[in-house]
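The structure appears below as structure tokens.
Chains as they are written, first to last, in this note's numbering: chain D, 20 to 163; chain W, 20 to 163.
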């Protein structure tokens, strides 16, 4: 994203220009919270993203410096996607999204998110640090 | 938004289905941080929202229970928009957006946001409470 294409100098607008799109934020969620890293992983998510939208959003996120693309060491024709530091800095924002939805969504909190919600309500800062560490250690399952 | 139209039961997805759209979040920003409350106010923002998008997003936000529409006491043909409790609960999320952009945006922080960024960096919880109080007291200028 080139600076002079920004619609305003508002800090809120800046993030929204990069990821003010539900699909982009769901891809980041998948990398961060669901231990997903491949094109096929993202396609398989419950929200059923279309292949053309997925390809477009992955390119935008990489262009925005939020995710990085690398080669899969086991299969060099496949790419793996991970979060950059800039992307990892979105962790506190995702914690706020989870807390907000835990309070306001009409659905019960899914079983595999209950512990995360409880820990977010208890201490956001600690959870944010743990999620970052967890990601950087490359664990395949979030374990929360 | 009817519950059975949700694309998944993920709490992150829930918020994104309601406001995973840059224009919706910019309207909430305008009400919360820029003391805007009318159709004309929103139209005049730097990002230049189109009238048809604005009308559509205001209706969606009202439908989602994030904003409420009332009559302007001075001019009964005009509506004023305010945030509901559900909308006000997005304050911590906006604080995280501002902090993230203050760190990562290529632009300098606008003069009229510098104090808010400094206070967010110092104590998010206090700032969140102050923003809520400020909004509920109906001050016309944010004063931060």
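For each residue, glycine too, the CB sits at the ideal point set by N, CA and C.
Amino acids of chain W, ordered along the chain, whose beta-carbon sits closer than 7 Å to that of residue i
{"i": "residue 32/D", "result": "45, 66"}
{"i": "residue 132/D", "result": "30"}
Minimum Cβ-Cβ distance from residue i to chain W less than 8 Å
{"i": "residue 123/D", "result": "yes"}
{"i": "residue 40/D", "result": "yes"}
{"i": "residue 142/D", "result": "no"}
{"i": "residue 48/D", "result": "yes"}
Nearest neighbour of residue i, chosen from the options [CA to CA]
{"i": "residue 34/W", "options": "90/W, 120/W, 80/W, 156/W", "result": "80/W"}
{"i": "residue 86/W", "options": "43/W, 24/W, 59/W, 140/W", "result": "43/W"}
{"i": "residue 49/D", "options": "27/D, 137/D, 106/D", "result": "106/D"}
{"i": "residue 41/W", "options": "135/W, 97/W, 113/W, 54/W", "result": "113/W"}
{"i": "residue 28/W", "options": "118/D, 128/D, 100/D", "result": "128/D"}
{"i": "residue 154/W", "options": "140/W, 52/W, 124/W", "result": "52/W"}
{"i": "residue 36/D", "options": "60/W, 124/W, 149/W", "result": "124/W"}
{"i": "residue 115/W", "options": "100/D, 88/D, 126/D, 144/D", "result": "144/D"}
Partners in chain D for residue i, counting only beta-carbon separations shorter than 7 Å
{"i": "residue 112/W", "result": "112, 115, 116, 119"}
{"i": "residue 146/W", "result": "By Cβ distance, chain D contributes nothing, its closest Cβ being about 13 Å from residue 146/W, past 7 Å."}
{"i": "residue 35/W", "result": "41, 44, 45"}
C-alpha gap between residue i and residue j, whole angstroms
{"i": "residue 71/W", "j": "residue 92/D", "result": "49 Å"}
{"i": "residue 25/D", "j": "residue 46/W", "result": "17 Å"}
{"i": "residue 165/D", "j": "residue 95/W", "result": "Past the edges of chain D, shown from 20 to 163, lies residue 165/D, and the structure says nothing about it."}
{"i": "residue 146/W", "j": "residue 122/D", "result": "20 Å"}
{"i": "residue 118/D", "j": "residue 136/D", "result": "6 Å"}
{"i": "residue 76/W", "j": "residue 38/D", "result": "18 Å"}
{"i": "residue 90/D", "j": "residue 30/W", "result": "31 Å"}
{"i": "residue 74/W", "j": "residue 62/W", "result": "10 Å"}
{"i": "residue 58/D", "j": "residue 65/W", "result": "36 Å"}
{"i": "residue 120/D", "j": "residue 152/W", "result": "22 Å"}
{"i": "residue 138/W", "j": "residue 102/W", "result": "22 Å"}
{"i": "residue 84/W", "j": "residue 97/D", "result": "43 Å"}
{"i": "residue 99/W", "j": "residue 156/W", "result": "15 Å"}
{"i": "residue 69/D", "j": "residue 104/W", "result": "34 Å"}
{"i": "residue 149/D", "j": "residue 141/W", "result": "21 Å"}
{"i": "residue 32/W", "j": "residue 67/W", "result": "27 Å"}
{"i": "residue 78/W", "j": "residue 88/W", "result": "9 Å"}
{"i": "residue 126/D", "j": "residue 60/D", "result": "24 Å"}
Exposed unless 16 or more other CB atoms sit within 10 angstroms - verdict on residue i
{"i": "residue 82/D", "result": "exposed"}
{"i": "residue 131/W", "result": "exposed"}
{"i": "residue 55/W", "result": "buried"}
{"i": "residue 133/D", "result": "exposed"}
{"i": "residue 111/D", "result": "buried"}
Cutoff 8 Å: residue i Cβ touching any chain D Cβ
{"i": "residue 105/W", "result": "yes"}
{"i": "residue 151/W", "result": "no"}
{"i": "residue 76/W", "result": "no"}
{"i": "residue 86/W", "result": "no"}
{"i": "residue 24/W", "result": "no"}
{"i": "residue 82/W", "result": "no"}
{"i": "residue 99/W", "result": "no"}
{"i": "residue 6/W", "result": "The requested residue 6/W is not part of the displayed model; chain W covers only 20 to 163."}
{"i": "residue 162/W", "result": "Its pLDDT being 44, under 50, residue 162/W is placed unreliably in this model, and the value from its coordinates should be taken loosely. Output row for residue 162/W: interface = no."}
Interface partners of residue i on chain W, CB under 8 Å
{"i": "residue 27/D", "result": "64, 65, 66"}
Contact test: residue i Cβ vs the ligand SAM heavy atom, cutoff 7 Å
{"i": "residue 147/W", "result": "By its list of ligands, the structure shown contains no ligand whatsoever, and the ligand SAM lies outside what it can speak to."}
Chain-ordered neighbours of residue i on chain W, where CB pairs are closer than 9 Å
{"i": "residue 72/D", "result": "Correct list: empty, because the minimum Cβ distance to chain W is about 13 Å."}
{"i": "residue 108/D", "result": "118, 119, 122, 123"}
Min CB distance residue i to chain B below 8 Å
{"i": "residue 35/D", "result": "Protein chains D and W are contained in the structure displayed, whereas chain B is not."}
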